[in-house]
Every structure is written in C-alpha cells, then in structure tokens.
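Structure record follows, encoded as structure tokens.
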Amino acid sequence: METHFSKEQLKDKDNKSSEKILRKCVHCGFCNATCPTYQLLGDELDGPRGRIYLIKDMLENKKPANEKIVKHIDRCLSCYSCMTTCPSGVNYMHLVDHGRSHIEKTYKRPFNDRVIRNFLSKVLPNPVLFRIIGTLTILIKPFQYLFPKQLREMISIMPIKFPKKKLPKMQIYPAQKRKKPVARVALLTGCVQRVISPQINEATIRLLNRHGVEVVVPKNINCCGSLNHHLGKSKLAEETFKKNISIWYEEYIKNGLDAIISNTSGCGTTLKDYGFIFRSDNELKKKAKKISELTKDISEYLDENVKLNFINNKENKKIYKIAYHSACSMQHGQKVHDIPINLIKKTGNDVVDIPEGHLCCGSAGTYNLLQNDIAKKLLKNKVINIKKVDPQFITTGNIGCITQIANGTKIPILHTVEVIDWYTGGPKPEILRRL
Ligand code: SF4
Ligand code: SF4
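Per this note's numbering, the sequence shown runs over residues -1 to 433.
Structure below.
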C-alpha cells in the first residue's frame, strides 16, 4: 500500500512502525474471510482491510478520530485472526494498538462510555478493587433488571461466586522432594484470574513444583498491562509494563529465572510484545526484550522443558471426549495451537477440534463488556459449534474464554493446566466432580 507520511511524521517511532506495516498490505482482502466481525456484520469497515484504511487515514493525515472511525475500531476484537490469514505478514496487532492509542488521544467519547471505560481500566487490573466490586455485584445480581442495558449485561457476565484459595499466598513455591530445583520460573498470576479462578494458578504451581520447578510470584506484579493497552490507555499501560519489567528483570539478574510463565494467553501475548513496545527506549529496551524472550505459555514451557509424569489412578481411568478451544490470543497472537492439544492427548483422552475454531468466542478482554451484542452472537455461534462435537468437557488456555463460554453452555470448561495437573497426580478439578 502506498503511504504519504512526511519525514517529520516518520520521526515518531509509532508512525515509523505503522508506515512499515501499511506498506506491506496489498489490499487483497483475504483477511476479511476470517474476520469474525466482518462475517457477522458484512461491512467492509468492520473487517481488517477497512480498519487498516481508517487507521491509515487518521495517522497519515493527522486527523482526530471521529464517531464513525471509533465505532468500527471499537468493534475489532483484537483476535488477530486476520494476521494468521494475511499472506503478506501485515502486523495488524501493532497497527490497531497505535490506532487505539490515537483515538484515546484525539477523541472525546460520550460521557457514559468514558465512565465505563475508566471504571474498567481502574477496577479490572486491581485484584483488591475487583474483589470488592465483584462481591457487590453478586449482591445486586437479583436486581440487575433494574439497571440500564449495558450495566445489566455487565452484571450478568460476572461470576456468581469466587472460589476460595487453597494454596497459601507465598512469593516462592519450592520444588518438591528436591534439594535443588531443576528450574526456576516466575508465574504471572494475573489480575482477574487470581480472583475468579484461583484454582488455575494453584494447578500450575502444584504441577511445576511436583516436577521439580521452583515458582516465584513477585508480590507487586498484578496485571500485565494489556487491559489498559487494549483500551488505548497507553500511559497507564506503560506504567504497568515498566513496573513489571523492572521487577522481573531484577529477579532474573539477582536470583536467576529460566522462564516467565503465563497461563492466560491474552497476557502472554502482551508480555511477548514488551520488547517491541519498548523498542526505542534506550533505558528499557534490553530489559523488555529479555522479559519477552523469557515469556512462555505454560503449555509451551511444559512441552519444551518438563518430562511430565502421567499417573493412572482410579479416578482418571475413564476416557473423556474433550473439546479444545484455541483462544485467539493463543492461536493467532502467540501462534501456539498444536502444543496444548498434544499435551492433553498425552492424558489418553480423546481430544476433538471445535468446528470454525479459528473464530473468537466474543470474550476478547473487555470486549464482552463493551460490545455485548456482537459478543453474544459470537458466543452463540461458538456454543453451536461446540455442541456439534458433543464433548464431555472443554479445555482452553485463557480465563476470558472460560468465563465467556461458561455463560453460554452447561458443558464444563476448565483450563488445560488443570487437566494436566490432575493426570500427573493433582486433584480432580472441582468442576468435573460429576463426570
Ligand atoms: S483482529 Fe479480529 S476482529 Fe479485528 S480486524 Fe482482525 S480478524 Fe477482525
Ligand atoms: S490479507 Fe493482509 S495484505 Fe491482504 S488486505 Fe488483509 S492485511 Fe492487507
């Protein structure tokens, strides 16, 4: 694609990167074929190619965002399905991140919109605040019909209870039965995940400890920053990124880290992008790059570094039919797809593909809260496709997808790591107790 940025504009690092991305696009439109919003809405501007034009026009012509542009960019899920399809290697992720940040700087959203986005930006990344608001939400759930539509929908998505934590809160979880651990990793326990599904982190820690890996959970790391990053709130996101980078890098230098483990693929995608985000920051670029290099999804880490010790016991003798839901941030963002499937297959169960598995379930960070109508349609389609393969349960690698899909079906859904933990000596996951 031809671009017309001036020399002056190209001095800006973000314009420079976006210009390179735009030049790669050859307008072929292949990406539209796998874009969930284009498929649902059928509008060119609700597909990647149209959005690329909108972003190009804003950036190149120094235009502030307007209502029309914001509508179509807001409808993008950041699922990155278009990146998997694009034959020219267009990095839509970096372009839309730049577009969102430009919108945040140049467009004044309607009052309600601003209030909701600011609320989400403050509450979700803060586990203490999130727990307080979450508990209040549980209390007002029976009266949700009294609230305006968007608030009502947000309340309905919230879980009805927060499970109790079973592992004590510690900064270092030592490897079991070994004087010296075989490896030492840091675990990102996530902001929302640790509150609504603490069992995922507990299964991860148990599993790693049982296989000789020491797990470090630095106390001041909560959110990875992606929530604010995707809301276009670059300044807030950068503050979190910088804090995380300095804490992990210090741990890496002082005590050694073999990896930083993410068990939430949305967060893992952002951690793996820290290096790019700080590419022009002389002080941080080396550290940020190192953090990105160290980051592994839990499935990648297990596959590459751990000889899993599968155990047969009375409880797991039955063969289950398991549907694997490949989260967009995992399959499109990190290009990790076969690894978790192969890990689950090692448990001896049947693993089945979900038809149209490349399409988003509608979760997409805060998307199901902000774009509820589209998110609901995507969820409905996802559930129809899951039912076609009639699984006994579903596994995935992202808490957002777990929450979203659980709102659409009674088929149990849990994190892949909970299944691997169970089959290597951990407890049977609570959600599967009736199977
Ligand atoms: S990220 Fe997903 S929703 Fe957004 S343009 Fe690409 S395919 Fe469409
Ligand atoms: S598939 Fe790639 S090159 Fe073709 S229009 Fe989409 S982004 Fe551009």
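Using N, Cα and C, we set each Cβ at its ideal position, and we do this for glycine too.
- Taking C-alpha positions only, Ala201 is separated from Leu165 by approximately 10 angstroms.
- When Lys231, Val214, Lys9 are compared, the shortest CA-CA separation from Thr104 is found for Lys231.
- Close CB contacts of Ala373 within its chain, under the 6 angstroms cut and outside five residues either way in sequence, are with Gly360, Tyr365, Asn366 (chain order).
- Here DSSP, grouped into helix, strand and coil, assigns Ala63 to coil.
- According to DSSP, residue pairing for Thr293 in a beta bridge involves Ile258.
- Residue ranges of uninterrupted alpha helix (DSSP H) with 4 or more members, entirely inside the segment 94 to 181 and ordered along the chain, are 109 to 121, 125 to 138, 147 to 155.
- Selection Leu38, His96, Thr35, Ser263 evaluated against Asn13 yields His96 as nearest (Cα-Cα).
- Boundaries of the beta strand (DSSP E) around Tyr322: 319 to 322.
- Taken through DSSP and simplified to helix, strand or coil, Ile219 comes out as coil.
- Arg176 has its CB no nearer than 7 angstroms to any heavy atom of ligand 2.
- With respect to the 8 angstroms criterion, Ser278 and Lys11 are classified as neighbours on the basis of their beta carbons.
- Exposed is the label assigned to Gly40, since fewer than 16 other Cβ atoms lie within 10 Å of its Cβ.
- Here Ala235 is buried. Its C-beta has 16 or more other C-beta atoms within 10 Å.
- For Glu236, the uninterrupted alpha helix (DSSP H) segment begins and ends at 232 to 252.
- If you look at Ile411, you'll find it isn't in any alpha helix (DSSP H); it sits in the beta strand (DSSP E) that goes 411 to 413.
- With the rule of 3 Cβ pairs closer than 8 angstroms, the segment 322 to 336 counts as touching the segment 264 to 279.
- Counting along the chain, Val88 sits inside no beta strand (DSSP E), nor does DSSP assign it H or E at all.
- DSSP lists Tyr171, Val183 as the bridge partner or partners of Val213.
- For Ile352, the three-state secondary structure derived from DSSP is coil.
- A direct Cα-Cα distance of roughly 37 angstroms separates Leu118 from His2.
- By the criterion of a C-beta distance shorter than 6 angstroms, Arg204 is surrounded in its chain by Asp419, Gly424, once the five residues flanking it on both sides are discounted.
- Approximately 6 angstroms separates the beta-carbon atoms of Ser79 and Cys33; this is inside 8 angstroms, confirming the contact.
- Of the residues Met152, Lys159, Leu300, Leu144, the one whose Cα lies closest to the Cα of Ile136 is Lys159.
- Gly188 and Asp55 have their C-alpha atoms spaced approximately 36 angstroms apart.
- In chain order, Tyr421 place their CB closer than 6 angstroms to the CB of Thr345, counting only its own chain and leaving out the 5 sequence neighbours on each side.
- Beta-bridge partners assigned by DSSP to Ile392: Ala321, Ile411.
- With 16 or more other Cβ atoms from the protein chains shown falling within 10 Å of its own Cβ, Tyr272 counts as buried.
- Between ligand 2 and the CB of Gly97, the shortest heavy atom gap is not smaller than 7 angstroms.
- For Tyr171 and Val211, the gap between their C-alpha atoms comes out near 9 angstroms.
- Ile243 and Tyr250 have their alpha carbons spaced roughly 10 angstroms apart.
- Ranking Pro46, Ile131, Glu58, Arg73 by CA distance to the CA of Thr83 puts Pro46 first.
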